[in-house]
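**Q** In our numbering, the protein residues as written are 10 to 191. Would you mind keeping the following structure in view while I ask a few things?
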Amino acid sequence: IPLANSTPFDWLGTGYLFPGLFGMPGIPYAVLVMAVVVIVFAIVLGRTPYGRYVLALGGNEEAARLAGIDTGRVKTLVYVISGGCAALAGLLLVARFGSGAPQNGTGYELQAIAAVVVGGTSLMGGRGTIVGTFFGALLIGVLNNVMNLLRVESYTQLIVLGAVILLAVVLDQLRKVYLAAR
């Protein structure tokens, strides 16, 4: 970043990161990468012992530890995978914008939380799916695009996003109360 002074790289197009890897015209690289990531992690989370360990750790760390799961190792690997996904997202953003600047990803944190919560993952942990998060991300993306097309101010967009998160959390809690009453 200091060498480039956040100026666009003319030689760095969207094909630079994955030249010739994907031959599907009209489909952005990010969509293809996201599809691969969703499929791989859905399989890992749903069909491997490691995926069960991650869900157990998210549900109740102490119970997972008492069940013999090496919670420190599982948690470390989760952070490593998360960092790898963040790096991949950073590479895709650099390819999209043609430059690397720290402020390029500003504001994506709240959208990521909203996508996860809207996708059905409990903020209390232990429950959620990769596919649900994928559909939550699609919904948040559509909501953002609609608000941009309607020229909704950025501060109002943040309020709407916060309201969506709040609504998803309230609905999750109501669902838990309903299931407990049954």
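From the three backbone atoms N, C-alpha and C, an ideal C-beta is built for every residue, glycine too.
(1) How about G114 and A98: do their beta carbons lie closer than 9 Å?
(2) Alpha carbon to alpha carbon, how far is G29 from P37?
(3) Contact between the stretch 165 to 175 and the stretch 108 to 128: three or more CB pairs below 8 Å?
(4) What separation, rounded to the nearest whole angstrom, lies between the Cα atoms of V178 and E118?
(5) Taking the alpha helix (DSSP H) that E70 belongs to, which residues open and close that run?
(6) Does the stretch 52 to 59 come close enough to the stretch 146 to 156 to have 3 or more Cβ pairs within less than 8 Å?
(7) Please report how far the alpha carbon of V46 lies from the alpha carbon of G92, in whole angstroms.
(8) So within the stretch 88 to 146, which uninterrupted alpha helix (DSSP H) runs reach at least 4 residues, ignoring any that extend past its ends?
**A** In short, the structure shows the following:
(1) Taking the first residue of the sequence shown as 1, we reach residue 114 at position 105. Taking the first residue of the sequence shown as 1, we reach residue 98 at position 89. Cβ distance < 9 Å, so G114 and A98 count as in contact.
(2) Counted from its first residue, the sequence shown places residue 29 at position 20. Counted from its first residue, the sequence shown places residue 37 at position 28. Here the model assigns G29 a pLDDT of 48, short of 50, so the residue's position is not dependable and the matter cannot be decided.
(3) yes
(4) As a working mapping, residue 178 is identified with position 169 in the sequence shown. As a working mapping, residue 118 is identified with position 109 in the sequence shown. Whole-angstrom Cα-Cα distance: 17 Å.
(5) Position 61 of the sequence shown, counted from the start, is the residue given in the question as residue 70. Counting along the chain, the alpha helix (DSSP H) containing E70 begins and ends at E70 to L75.
(6) no
(7) Position 37 of the sequence shown, counted from the start, is the residue given in the question as residue 46. Position 83 of the sequence shown, counted from the start, is the residue given in the question as residue 92. Rounded to the nearest angstrom, the two C-alpha atoms are 14 Å apart.
(8) 117 to 127
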